[in-house]
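First to last, the sequence lines map onto chains A and B.
Using our numbering, the first residue of the first sequence is number -19, and each one after it goes up by one.
Using our numbering, the first residue of the second sequence is number 5, and each one after it goes up by one.
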Amino acid sequence: MPNILALDTIHTFIGQFHILEGISLEVPEGSITALLGRNGAGKTTTLKSIIGLTPPRKGTVKFDNVDVRGRRAFDIAAMGIGFVPEHRAIFRDLTVLENLKLAERKKGDFEKHQGMIFDLFPDLKRLIKLPGGQLSGGQQQMLAIARVLVPDNRLLLIDEPSEGLAPVIIEQMMEAIRTLTSHVTVLLVEQNFRVASQLADRYYLIDDGKPVQNGKMQDLVQDRATIHKYLGAK
Amino acid sequence: MTFFRSNRTLLITIAVAIIIVFLATRGMSAPTAVSILLSGLTLGSLFFLVASGLSLIFGLMDVLNFAHGSLFMLGAYAGWTIYTNPRLILNTAPLGFALIAGVMLMPIVARKISLPRVARYVAALLAAALVLLSVRDFPLQKLVAFGTTVSGQVVATVDAQESLNAMLTRFALMLVAGIVLSFAWARREKANEETEGTKGTWSRIGAMTGLLVAALVMLFGRDAMEQVVLGTDSNLRFVIALLVGAGTGAGLGALMEFGLIRPLYARPIYQVLLTLGLVFIFDQVVRLVWGPAGAFMQMPGWFANTGKECPAPNLIDWFGLHCDAILVLGRPFPSYRLFIILVGVVMLIGIGALLRGSRLGMIIRAGVQDSAMVEALGINVRRVFTIVFALGAGLAGLGGVVATPFLGVYPGMALEFLLQAFIVVVIGGLGSVPGAALGALVVGLARAYGDQVVLTGIQLPFMTEPFTGSPAIARASTVLIMVIVLLLKPTGLLGKKEG
């Protein structure tokens, strides 16, 4: 299976701080890959480095074998990458419909995909005219994922989708993500190991901005020592 | 019920305002009170035109544009010039167009040639020298001398303007300067950044040609155009002046954002300092070109009738009579000020329609909350920034022209309106256009009432004579209101900015 995304030894700085020191990863098309690590390990920065919000200073970021490092974020996103950030970043003053329509990249994107979106998240149909700020956390997460399904995206970068959500909602959301993989690839950042292990086929573990190990998720689940060492409380 | 809860700040403010207005005007005759109200709305309308752009620009781009008042002033001067005598613009705009057209060549150049650093600095110096050569001994003073600025002296156009040959030489020098400048500016990174493609290149060439053609038309037809403008009915000239003022603001704003502000997005402090520097530069430019004294603008015909039948007894009659004043509750009120109020209301509705009803408006509203997320959705926020900057600047320029028949033009208007606009924006909340309207209303009314207090004094219960203050009281009162609002609601009354 070809790699839809490949990072090669990227170094990202935020101001003076050397956040990512040599991160590499490969995401095969059609898979769900998890990026794991404890708080502050650099997982969000990695996603932001891919989408171009915090561009890496060194290394390459290849999407579909094209190096996108240094391009502006809107250029990278327009190539077919959807970003679902930590804390959802729903536009509070815009209605659910406006949030979705804003995500269109070509006219008619929303019309084309609304069937699929409302099948996955039927609640959104009911809430369609409400301002985003009036949605619950779980509903906002649904909207944030729905948003990146509006245009023709091929890779989704999802950052901590389970954060702050009730277990029942998390189950719904996981079900939705599982259904998605038939036509998009997912790179998932999750601190909740249970969610990550149940969704992802492969994993990359990072600590303090440096790579630790990677492999098949089914192998990591057995390795309690590593899980405790890198994902447990410090 | 939710309507009341979600709009409670707005409703509380309106309630408080009504109570204060009621208390403040007790003891005043009704005609005086209404007169103050209308004057307050007039000032508020002008403040809104300046503040709305300022608020949107800060809300969307985190840029504190100190030069916003200067854009107001430059729009005023541009509109006044074209209304009173356009020869200044007809003789200087072609040079500006030539320079801009030359510089626009840059991305095309950058794709083929990238000079080494030393050569680029030399080219920049050469361009600067050419510009200076082009404007050497330019008869600026004479062009401006058409009676209302330089005291007494009037220089006839035929003596003020240079020969066409001389002007064409200047034009050519400017064009070459612009082209050299584009070579100085061209770097390989710039070529990649503007991924235009062939269609983009052709439209760029088209735009450049258009500019040059417009410039030459202005030069060759300058005498004819001057006569046409001077002979035109004052009302039509006024409409043209409004368009020119708004256009000057928008054009300058776009240039400012693209050339000066964009390169500094990573360094916001320098951005602010730069806009502050522009305030000084624009101030000096205006004093240099038009003189330090300021001038008045002849009232357009629609508001100028002072015959026996005036003041018009009511608004309906005014449409036929075009008097300079209308009787409001028995007292004459200048009709032009009602026009100012109208412009403010129309612009408020227009901006509202743009923000709520168009995709661009949706992008702007989302961008005010989180511009990084908007960019992550694949939208070119950089271009939106330029558009919003230009729109805000255009509003300020329009405001300047609208203000001119009322207040005249003078170099001090930039700082004066900037200050009030800042107060309005802080009171109303950054990034909120309804907030700017509300803040403008509050500040306008406070100023109008304050001015009345200065004029007639208010009778305080424990004093035998009415209390009068210096004119500064009116201005100070608006600062006081701002402080109170900040203490009660730090983000402003309707503030929308995220953290």
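Where is the CB? At the ideal position from N, CA and C, for every residue including glycine.
In the DSSP secondary-structure assignment, B:C327 is bridged to B:N309. By the C-beta criterion, the segment 384 to 398 of chain B is judged to be in contact with the segment 61 to 72 of chain B, since at least 3 inter-stretch pairs fall below 8 Å. With fewer than 16 neighbouring CB atoms inside 10 Å of its own CB, A:K196 falls in the exposed class.
Annotated three-state conformation of A:V76 is helix, per DSSP. Taking B:D328 as the centre and dropping the five residues before and after it, the same chain places the C-beta of M303, F307, A308, N309, T310, C314, P315, P338, S339, Y340 closer than 8 Å to its C-beta, in chain order. A straight line joining the alpha-carbon of A:G144 with that of A:I30 spans about 25 Å. Secondary structure at B:Q231: helix, using DSSP grouped into helix, strand and coil.
B:A444 places its beta carbon 7 Å or farther from that of B:S43. A:K42: not part of any alpha helix (DSSP H); member of the beta strand (DSSP E) spanning 38 to 43, first to last residue. Residue environment: A:E84 is assigned as buried (16 or more neighbouring CB atoms within 10 Å of its CB, all protein chains considered).
Listed in chain order, the non-local C-beta contacts of B:A131 below 8 Å within the same chain comprise A181, G182, V184, L185, A188, local neighbours out to five positions each way being set aside. A Cβ-Cβ separation of about 7 Å places B:S138 in contact with B:L99 under the 8 Å criterion. Per DSSP, the unbroken alpha helix (DSSP H) holding A:P147 starts and ends at 147 to 160.
Residue contact check for B:D374 against chain A: a CB pair falls below 7 Å. Annotation: B:A250 to B:G83 spans about 8 Å, alpha carbon to alpha carbon.
When secondary structure is reduced to three states using DSSP, A:T(-8) falls in the strand class. Close to B:L381, with beta-carbon spacing below 7 Å, are these residues of chain A in chain order: A57, L82, A83. Sequence-distant partners of B:L75 (beyond 5 residues in either direction) whose C-beta falls short of 7 Å from its own C-beta, in its chain, are G253, L256, G257, A397, A400, G401. When Cβ-Cβ separations below 7 Å define contact, B:M65 makes no contact with chain A. Contact annotation for B:N384 against chain A: F54 [CB-CB distance below 7 Å, chain order]. If you compare the alpha carbons of B:L442, B:L419, B:D287, B:G305 with that of B:G348, the shortest gap goes to B:L442. Taken through DSSP and simplified to helix, strand or coil, A:K28 comes out as helix.
Note that the C-beta distance between B:S56 and B:V437 is below 7 Å. The C-beta of A:E78 comes closer than 7 Å to at least one C-beta of chain B. Secondary structure at B:L333: coil, using DSSP grouped into helix, strand and coil.
B:W294 and A:Q(-4) have their alpha carbons spaced roughly 49 Å apart. DSSP, reduced to helix, strand and coil, places B:L45 within a helical segment of the structure shown. Within the DSSP secondary-structure output, A:H(-2) pairs in a beta bridge with A:F(-7).
Close partners of A:P131 in chain B (Cβ separation under 9 Å): L381, G382.
With respect to the C-alpha of A:K28, the residue from A:I(-1), A:R134, A:A124 having the closest C-alpha is A:I(-1). With a beta-carbon spacing of about 42 Å, B:L331 and B:F70 fall beyond the 8 Å limit used to define contacts. Annotation: the continuous beta strand (DSSP E) that includes A:N194 extends over 190 to 196.
B:M377 has a beta carbon lying within less than 7 Å of a beta carbon in chain A.
Proximity of chain A to B:M366 at the Cβ level (cut-off 8 Å) is accounted for by L74, E78, K81, L82, in chain order.
For A:G62, the enclosing beta strand (DSSP E) stretches over residues 61 to 64. Within the same chain, A14, L16, L168, E170, Y183, M197 come within 8 Å of A:A176 by CB-CB distance, once the 5 residues on both sides are set aside.
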